[in-house]
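A.B. asks: In this note's numbering, the protein residues as written are 188 to 685.
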Ligand code: GLU
């Protein structure tokens, strides 16, 4: 058997370090067994998937030095590798399940399902579908379908017994079928859900080992049942521990930058970031901290993954990056890396239109554009003094703006500006005053180029990290304050949307 593993990202945002971490372990496992590693784009969520996000994911994984043998950009024998291009395959498989009596059409309205959920919650029952459409007469179903009535397709679930999930890293888990919901397989818009598409693709793409994040473990019973319904052999499952913030909560962008692009922009070496991700739940037999990708692959053993939640700690990463910079780069290589990092055309081009009209000599460029090429600006509390803003105003503005930026899904000036200007009006500040603390947080000064355009260029994680840094500098909200502020912010937001 040739080992075949895969990474299956959904292109719905910035490329996440968690994706790179899972990709690395899949690649290591495949390489160790002389197998293949596949990249598949799971873009069945049409509303949230974007081609830009897909491109950023491919670019970031490649920047890290992860390569795939088959994928949407390199091709392969099992394509297409983008789920949005495999619609017919899923439709055919859903029909097969219906014909074989393993799935059924469900016409329940979202109102009915909401009512049902409320009732179940009130009765302290596990929320789930009650089987209302499970036994509709065939003629009725056909009539309703012919009339074009909106519907989904759900999978049948055994009414009794248990499902046994085996995993490479843990003892078998037994789950009662009564705990498993009659999962929707095809949505109202005709698109498959993750569950159907994922199982069909893993099978058709010959995936032998599914190594993925722990958050998917609850889906395993449904997936195993689908394999059984189709009469296919299920791949071996392996659920990896989730990355955590230093406070042990699940790694999230609200507390830490999670985008690979952030780490690239901050000037981490790809080799060091990959090395650090290799340290997440895994160690070399001799426990050394610094190792290359090849050294990891040569020593890889998935059984050495430990399940305690690995902590992704930026300070530790910086320390490791320092080792790489000092020990692995000759002076020439160092110069080349810095040049490539700071002065590459892709990054500079969007900055040029902001800078060029404002300079007389090239030596004016760095003082003006330096904040595009640095981490956190060198600022202190005094920098935030302003004639019409109290210190508490500044703190509130920074915190509310941070929440607003966290909720900004499309990161460009056309989306960043209306969000912030609406907020400034709702908070009753003049936009100039409101933007002042953001100027200081982002650029370290208010006499510079547009702060909105600057944030658009710096990207969501680096912009938010700077605002968070400024807020910490001034003393973030106390627990009580945070509660009160968050309530007020939600109220302002609701008023703005309403
Ligand atoms: N599309 C899923 C994700 O974004 C893939 C999960 C899996 O590996 O099965 O994580």
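In this text, a Cβ means the ideal position worked out from N, Cα and C, and glycines have one as well.
1. Please report how far the alpha carbon of residue 476 lies from the alpha carbon of residue 654, in whole angstroms.
2. What are the complete alpha helix (DSSP H) segments, minimum 4 residues, inside the region 596-657?
3. Are the region 595-605 and the region 492-512 touching by the rule of at least three beta carbon pairs closer than 8 Å?
4. What separation, rounded to the nearest whole angstrom, lies between the Cα atoms of residue 668 and residue 535?
5. Let me know the secondary structure DSSP gives residue 487 once reduced to three states.
6. Using three-state DSSP, classify residue 547 as helix, strand or coil.
7. Using DSSP with H/G/I as helix, E/B as strand and the rest coil, what is residue 342?
8. Which residue spans inside the region 381-414 form an unbroken beta strand (DSSP E) run of at least 3?
9. How far does the beta strand (DSSP E) with residue 352 in it reach, from first residue to last?
10. Is it buried or exposed for residue 236, if we count other Cβ within 10 angstroms and need 16 for buried?
11. Any chance the region 312-329 sits against the region 437-457, with 3 or more Cβ pairs inside 8 Å?
12. Run the CB neighbour count on residue 544, radius 10 Å, all protein chains shown included, and call it buried at 16 or more, exposed below.
13. Considering only their Cβ atoms, is the gap separating residue 257 from residue 268 smaller than 8 Å?
14. What's the C-alpha gap between residue 521 and residue 239?
15. Residue ranges of each beta strand (DSSP E) run of no fewer than 3 residues wholly in the region 315-342, ordered along the chain?
16. Would you call the CB atoms of residue 498 and residue 554 closer than 8 Å?
17. Thinking C-beta only, is residue 460 closer than 8 Å to residue 449?
18. Compare the beta carbon distance of residue 399 and residue 427 with 8 Å and say whether it is the shorter of the two.
19. Between residue 403 and the ligand GLU, is the CB less than 7 Å from at least one heavy atom?
20. Tell whether a beta-carbon distance below 8 Å holds between residue 371 and residue 362.
21. Excluding the 5 residues preceding and the 5 following residue 308 in the sequence, name in chain order all residues of the same chain whose CB lies nearer than 7 Å to its CB.
22. Given that a residue counts as buried once 16 or more other Cβ atoms are within 10 Å of its Cβ, and exposed if not, what is residue 345?
23. DSSP state of residue 577, grouped into three classes?
24. Helix, strand or coil, according to DSSP, for residue 437 in the structure here?
25. Please work out which residues of its chain come closer than 6 Å, Cβ to Cβ, to residue 487, disregarding the five sequence neighbours upstream and downstream, and give them in chain order.
26. Here's the rule I'm using: 16 or more other beta-carbon atoms within 10 Å means buried, otherwise exposed. How should residue 665 be labelled?
27. Measuring straight from C-alpha to C-alpha, what distance separates residue 452 and residue 282?
28. What number of angstroms, rounded off, separates the C-alpha of residue 347 from the C-alpha of residue 378?
29. According to the Cβ coordinates, are residue 204 and residue 585 closer than 8 Å?
30. In angstroms with no decimal places, state the Cα-to-Cα distance between residue 670 and residue 439.
31. Spatial neighbours of residue 406 within its chain, please: CB distance less than 7 Å, with the 5 preceding and 5 following residues excluded, ordered by chain position.
32. Assuming residue 672 contacts residue 583 under a Cβ cut-off of 8 Å, what Cβ separation, rounded to an integer in Å, is found between them?
C.D. replies: On the basis of the coordinates in this document:
1. 32 Å
2. 600-613, 618-630, 638-645
3. no
4. 40 Å
5. coil
6. coil
7. strand
8. 396-400
9. 349-354
10. buried
11. no
12. exposed
13. yes
14. 31 Å
15. 339-342
16. no
17. no
18. yes
19. yes
20. no
21. 314
22. exposed
23. coil
24. strand
25. 215, 219
26. exposed
27. 47 Å
28. 30 Å
29. no
30. 19 Å
31. 382
32. 6 Å
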